[in-house]
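Taking the UniProt record's numbering, the leading residue of the sequence shown gets 1, the next gets one more, and so forth.
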Amino acid sequence: MTIRLPGVGGELRTYVPRTEPLAPTAGAPFTSRTVFSAAHVVADPYADTTPDSPAAVDWDATLAFRRHLWSHGLGVAEAMDTAQRGMGLDWAGAAELIRRSAAEAKAVGGRIACGVGTDQIAGGRRPRCGPRTRSSSPLSRSRGRRRS
Numbered sequence: 001m002t003i004r005l006p007g008v009g010g011e012l013r014t015y016v017p018r019t020e021p022l023a024p025t026a027g028a029p030f031t032s033r034t035v036f037s038a039a040h041v042v043a044d045p046y047a048d049t050t051p052d053s054p055a056a057v058d059w060d061a062t063l064a065f066r067r068h069l070w071s072h073g074l075g076v077a078e079a080m081d082t083a084q085r086g087m088g089l090d091w092a093g094a095a096e097l098i099r100r101s102a103a104e105a106k107a108v109g110g111r112i113a114c115g116v117g118t119d120q121i122a123g124g125r126r127p128r129c130g131p132r133t134r135s136s137s138p139l140s141r142s143r144g145r146r147r148s
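Right, here's the structure in full:
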């Protein structure tokens, strides 16, 4: 087996692993648990970017990796802070990732959960996600302190 990797000058070089990897087989979705993978995006190795510019994503490879995860019965947790947002994906990139991954999940029958932070909201603005309701739980009535 050989793997083609990008070199410093943009050329492809051949890498030969020392041993053959395990050959996992695709399986059905889990039945006793719901499992979601916080999958990273695949960077475009040839993109001319700077640390303060938007991330350059290899969309074909990113979606292929998600299809691989779905083929093993895993769901994909998309645009989570731990996997993408903390690694340089801005709000526009996260929104595009959600759109593309959701469409791909629908096409292949994959499970997906999406979530993002609020870093795209201008300072001083308080977002509202829906009507405010007052919970009847003891915690909400006591402002977070549990009553005995």
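Each residue gets a CB set at the ideal place from its N, CA and C atoms; glycine is no exception.
From a predicted model like this one, the values you see are computed outputs, not experimental measurements.
On the DSSP bridge list, what partners appear for Thr14?
The bridge partners DSSP lists for Thr14 are Arg4.
Cβ of Pro54 within 8 Å of Cβ of Gly93?
Annotated as proximal: Pro54 and Gly93, with beta-carbon spacing under 8 Å.
Beta strand (DSSP E) runs contained entirely in the segment 45-89, provided each spans 3 or more residues:
Qualifying beta strand (DSSP E) stretches, in chain order: 75-78.
State the beta-bridge partners of Ala113 as determined by DSSP.
The partner list for Ala113 (beta bridge, DSSP) reads Ala77.
Which same chain residues end up closer than 8 Å to Glu104 when comparing Cβ atoms and leaving out the 5 residues on each side of it in sequence?
For Glu104, the CB contacts under 8 Å within the same chain, skipping 5 residues up- and downstream, are Leu63, Arg66, Arg67, Gly110 in chain order.
Thinking C-alpha only, which one of Arg4, Ala38, Arg18, Thr2 is nearest Gly115?
Out of Arg4, Ala38, Arg18, Thr2, Ala38 has the C-alpha closest to the C-alpha of Gly115.
From Thr2 to Tyr15, what distance separates their C-alpha atoms?
Looking at the two C-alpha atoms, the distance is approximately 6 Å.
Compute the beta-carbon to beta-carbon distance between Thr49 and Gly75, rounded to the nearest angstrom, for a pair I have assumed lies under 8 Å.
Their Cβ separation, rounded to whole angstroms, is 30 Å, which puts Thr49 and Gly75 out of contact at 8 Å.
If you draw a straight line from the alpha carbon of Gly88 to that of Arg4, how long is it in whole angstroms?
Approximately 25 Å between the Cα atoms of the pair.
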